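Peer 1: Start counting the sequence shown at 1; every next residue gets the next number (full-length UniProt numbering).
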Amino acid sequence: MKANTGFPKNFLWGGAIAANQAEGAWDVDGKGPSVMDVVALPEAYSRQGTLGYEQTKESVLSALEDKEGYYPRRVGIDFYHTYKEDLALMKEMGFTCLRTSFNWPRIFPKGDESQPNEEGLKFYDGLIDEMVKLGIEPVMTMSHYELPLHLATEYKGWTNKKLIDFYMNLFKVLFDRYHGKVKYWILVNQINMLGWGDYCSLGMLKGEHEDWLSDRYQAVHNQFVACAKAVEYAHKTDASCQMGMMNGEVLGYPASTSPEDAFQSLQAMQMNDYFFSDVTARGEYPGYALRYFEENNIKVEATQEDLEVLKNNPVDFISFSYYSSGLYDKEHGNDLLSNPKLPASIWGWQTDPIGLRYSLNAYYDRYKKPIFIAENGLGAIDELVDETVDDTYRIEYLRAHIENMREAVKDGVEMIGYASWGPIDIVSASQGEMSKRYGYIYVDLDDRGQGSGKRYKKKSFDWYKKVIETNGEEL
Ligand code: BG6
C-alpha cells in the first residue's frame, strides 16, 4: 500500500471559459438572444455585488430594442472569430484541456424549435475539431448562463417542465454529433448558485412568479431531471463518455467555536452546496432538503417517473469551481459571512487556498467519484506595460491553490484535471466588465469593448507553461 506522490500522469491541465463571456457574435449566423445578451453594463457601477440579475420581462424585452446601452456579452472577446489564434496560444502553454460551453441559442435560437440551426453547429464543429487537432481535450458545458431569452420570457424559464424537453433536444443534437470527440460533459454550470442563478441559469423574471421559492426549487428539480435524462441518453449511446455535475463551491466554515455555529455551517453547506451534488450524484433527494422544503413551505412537484430517472442515472464525475470561502453562524443562517482572517480582492472575494484542499476532500469522501476543478483563479486589475503584465499576484494565488490541490491528491482524492478560470481575459460574469481579468493572456479591450483586441502574454503565461510541463511539480 502506497500513498499518492503527486498528480497522475494523465492529469488534464488547462483553462475554462464560457461561450457568453467570450464568443461575442451574439446575432451572427442565426443566433438568437440569450439571457446574458440583454444584461447591460451601466454607465456608473459599483464593484461590489453583482450586476443586472434582477430582470423583468419588460426590462429584457426593452434591452433587445435598446440602441444606447452597452451589452458586453454581445461583444465578448470575439472568440467566435479568433478561436484558432487563441487556441494556438493555449497550446503553446501546453494545455491538455479547455472547458467551454455551447451557446444554446446559437443552436436553438429560441429554444423551442424542433430543428437546430446548422450554422451555429458549424461553429462548434470548427472549434471542437481545432481542439482535437491540437491535442486539447474539450470539456463541454451544456449550459453556462446561455438560456435562450425566449424560454425565459415565454415559458417562465426552468420552472416550466417543457424546458426538460427543450434541453434534451439540445443535448441529443450535440451528443449525437460530438460524442466521438468530446468525452467530458458538464450538464449545467454551477447548478447550485441560486439567487444570482435565478435569472441567468433558471431564467426566472421578477414579477412572473407568485411563489418565488417554490418556483425556484421546481426549476432546480426540472434541471435535475434534465441532467439525469441526459446521463441516461449518453450512457446508452456511448458509455465511454463521462457525464459531470458542477457546483459553484462556496466553502463556509463555522464562524466560531460554538457547536451552534458549527452545526449551522453544516446545514448551510447542505442546502447551498451538497444538496445539488447529492441529488445528481446519489440520485435521491436527501432528508435534510425535504425537511427544509417543509419548514419553508416550498412545494416541489416530482412525479414517480422523475424520481426513478434520478435514481437510475447518477453522474460519473463531480466538478466544481472554487474561488473563495467564508463563514456561517447561527444568527445569519445560510448567508455567507466574510472571514476576518483572509485577504480579499477589491470585489470582496476572499483568498483561501487551503479551502480548495478541504473541499476536494469533502466532496471525494462524500461521493468517491473523480473530481474535475472546473474553475479557479484570481480576478484582478492588470496593467499592460511594454506589451506584458507583471501579474505576480496571480501566480501567487494559483501557486497556492495548485499546491493545495496536489496535497488533496496526496490525501487520496481522485482527480481528472484542473481548469483555471479565464486563461484568456474575458467579460466578467458577475460584473460585466473586462477589467476584472483572470487570464495568462491579456486582451486589449476595455469595459466598453474599445481597443485593438490584440493578445499579449502576461508573466503568468510562462509560469503556467512550466507548471503543465512538470505536471504540477514545479510551481
Ligand atoms: C463563476 C462563473 O461563478 O465565476 C463564471 O461560472 C465567472 O462564469 C467566474 O466568470 C468568475 O466570476 P466573475 O464574476 O469574476 O467573472
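We put the beta carbon where it would ideally sit given N, CA and C, even for glycine. Treat the numbers as computed from the prediction; the structure is a model and nothing was measured.
Three-state secondary structure (DSSP) at Ile286?
Peer 2: The residue you call residue 286 lines up with position 286 of the sequence shown. Ile is not the amino acid found at residue 286; the sequence shown has Pro there. Reduced to three states, the DSSP call for Pro286 is coil.
Peer 1: Could you check how far apart the C-beta atoms of Thr100 and Phe175 are, in whole angstroms? I think they sit under 8 Å.
Peer 2: Your numbering for residue 100 matches position 100 in the sequence shown. Your numbering for residue 175 matches position 175 in the sequence shown. Not quite, the Cβ-Cβ distance comes to about 16 Å (not below 8 Å), so this is no contact.
Peer 1: What span of residues does the beta strand (DSSP E) with Pro138 cover, start to end?
Peer 2: Against the sequence shown, residue 138 aligns to sequence position 138. Where Pro138 is concerned, the enclosing beta strand (DSSP E) stretches over 137-141.
Peer 1: For Val409, name the three-state secondary structure that DSSP assigns.
Peer 2: If you number the sequence shown from 1, residue 409 lands on position 409. Residue state, collapsed to three classes: helix.
Peer 1: Relative to the C-alpha of Thr257, which residue among Thr153, Leu213, Ala429, Leu327 is closest?
Peer 2: The sequence position of residue 257 within the sequence shown is 257, counting from 1. Among Thr153, Leu213, Ala429, Leu327, the Cα nearest to that of Thr257 is on Leu327.
Peer 1: Does the beta carbon of Trp421 fall short of 7 Å from some heavy atom of the ligand BG6?
Peer 2: Locating residue 421 in the sequence shown gives position 421, where the first residue counts as 1. At least one heavy atom of the ligand BG6 is nearer than 7 Å to the Cβ of Trp421, so yes.
Peer 1: Compare the Cα-Cα distances from Asn376 to each of Tyr364, Lys341, Arg437, Glu331 and report the closest residue.
Peer 2: On the sequence shown, position 376 is the one that residue 376 refers to. The shortest C-alpha separation from Asn376 is found at Arg437.
Peer 1: What do you reckon, are the CB atoms on Trp104 and Pro148 nearer than 8 Å?
Peer 2: For the purposes of this step, residue 104 is identified with residue 104 of the sequence shown, where counting begins at 1. For the purposes of this step, residue 148 is identified with residue 148 of the sequence shown, where counting begins at 1. For Trp104 and Pro148, yes; Cβs fall inside 8 Å.
Peer 1: Between His144, His221, Asp86, which lies nearest to Ala289 when the distance is taken from Cα to Cα?
Peer 2: Stepping through the sequence shown from its first residue, residue 289 is reached at position 289. Ranking His144, His221, Asp86 by Cα distance to Ala289 puts His221 first.
Peer 1: Mind listing, in chain order, the continuous alpha helix (DSSP H) runs of no fewer than 4 residues lying wholly within the segment 6-90?
Peer 2: 19-22, 57-65
Peer 1: Using 8 Å as the threshold, is the C-beta distance between Ala228 and Leu310 below it?
Peer 2: As a first step, residue 228 must be located in the sequence shown, where it is residue number 228. As a first step, residue 310 must be located in the sequence shown, where it is residue number 310. Yes, these two residues count as a Cβ contact at 8 Å.
Peer 1: Decide yes or no for the touch test of the segment 417-433 against the segment 57-69: beta carbon pairs closer than 8 Å, at least 3 of them.
Peer 2: No, because fewer than three Cβ pairs between the segment 417-433 and the segment 57-69 fall closer than 8 Å, the two stretches do not touch.
Peer 1: Could you pull the start and end residues of the alpha helix (DSSP H) that Gln218 belongs to?
Peer 2: For this step, residue 218 is matched to residue 218 along the sequence shown. From DSSP, the alpha helix (DSSP H) with Gln218 extends over 212-237.
Peer 1: Which residues mark the beginning and the end of the beta strand (DSSP E) in which Cys97 is found?
Peer 2: Against the sequence shown, residue 97 aligns to sequence position 97. Annotation for Cys97: the continuous beta strand (DSSP E) segment containing it runs 97-101.
Peer 1: Cβ of Ser430 within 7 Å of any heavy atom in the ligand BG6?
Peer 2: One-based indexing of the sequence shown puts residue 430 at position 430. Result yes, Cβ under 7 Å from the ligand BG6.
Peer 1: Pull up the distance between the alpha-carbon of Met193 and that of Gly248, whole angstroms please.
Peer 2: Reading the sequence shown from its first residue, position 193 is the one you call residue 193. Reading the sequence shown from its first residue, position 248 is the one you call residue 248. Looking at the two C-alpha atoms, the distance is approximately 6 Å.
Peer 1: Check the C-beta distance from Gln264 over to Lys330 and give it rounded, since I have them as a contact under 8 Å.
Peer 2: The residue you call residue 264 lines up with position 264 of the sequence shown. The residue you call residue 330 lines up with position 330 of the sequence shown. About 5 Å separates the two Cβ atoms, so the contact holds.
Peer 1: When you compare each of Arg448, Ile468, Lys457, Gln450 to Ile441 by their alpha carbons, which one comes out closest?
Peer 2: Stepping through the sequence shown from its first residue, residue 441 is reached at position 441. Out of Arg448, Ile468, Lys457, Gln450, Lys457 has the C-alpha closest to the C-alpha of Ile441.
Peer 1: Rounded to whole angstroms, what is the Cα-Cα separation between Lys465 and Gln115?
Peer 2: Numbered from 1 along the sequence shown, position 465 holds the residue referred to as residue 465. Numbered from 1 along the sequence shown, position 115 holds the residue referred to as residue 115. The straight-line gap from Cα to Cα measures roughly 42 Å.
Peer 1: What I want to know is whether the C-beta of Gln218 ends up closer than 7 Å to one or more non-hydrogen atoms of the ligand BG6.
Peer 2: Here residue 218 corresponds to residue number 218 of the sequence shown, with the count starting at 1. Not under cutoff, so the answer is no.
Peer 1: Near Pro286, which residues of its chain fall below 7 Å by C-beta distance, leaving aside the five closest residues on each side in sequence?
Peer 2: Here residue 286 refers to the residue found at position 286 when the sequence shown is read from its first residue. Taken in chain order, the residues that qualify are Phe275, Asp278.
Peer 1: Could you tell me the distance, in whole angstroms, from the CA atom of Ser345 to the CA atom of Asn312?
Peer 2: Within the sequence shown, residue 345 is the residue found at index 345, counting from 1. Within the sequence shown, residue 312 is the residue found at index 312, counting from 1. For the pair Ser345 and Asn312, the Cα-to-Cα distance works out to about 42 Å.
Peer 1: With distances taken Cα to Cα, identify the nearest neighbour of Gly157 among Lys206, Thr388, Leu134, Glu85.
Peer 2: Against the sequence shown, residue 157 aligns to sequence position 157. Comparing Cα-Cα distances from Gly157 to each of Lys206, Thr388, Leu134, Glu85, the minimum goes to Lys206.
Peer 1: Given that a residue counts as buried once 16 or more other Cβ atoms are within 10 Å of its Cβ, and exposed if not, what is Lys31?
Peer 2: Counting from one through the sequence shown, the residue named residue 31 turns up at place 31. With 16 or more other Cβ atoms within 10 Å, it is buried.
Peer 1: Strictly by DSSP, which residues pair up with Arg455?
Peer 2: Within the sequence shown, numbered from 1, the residue matching residue 455 stands at position 455. In the DSSP output, where bridge partners are listed per residue, Arg455 has Val443.
Peer 1: Starting from the C-beta of Ser452, find all residues in its chain whose C-beta is less than 7 Å away, skip the five residues before and the five after it, and write them out in chain order.
Peer 2: For this step, residue 452 is matched to residue 452 along the sequence shown. So the qualifying residues of the chain are Asp444.
Peer 1: In the DSSP output, which residue or residues are listed as bridge partners for Glu375?
Peer 2: Against the sequence shown, residue 375 aligns to sequence position 375. In DSSP, Glu375 forms a bridge with Ser321.
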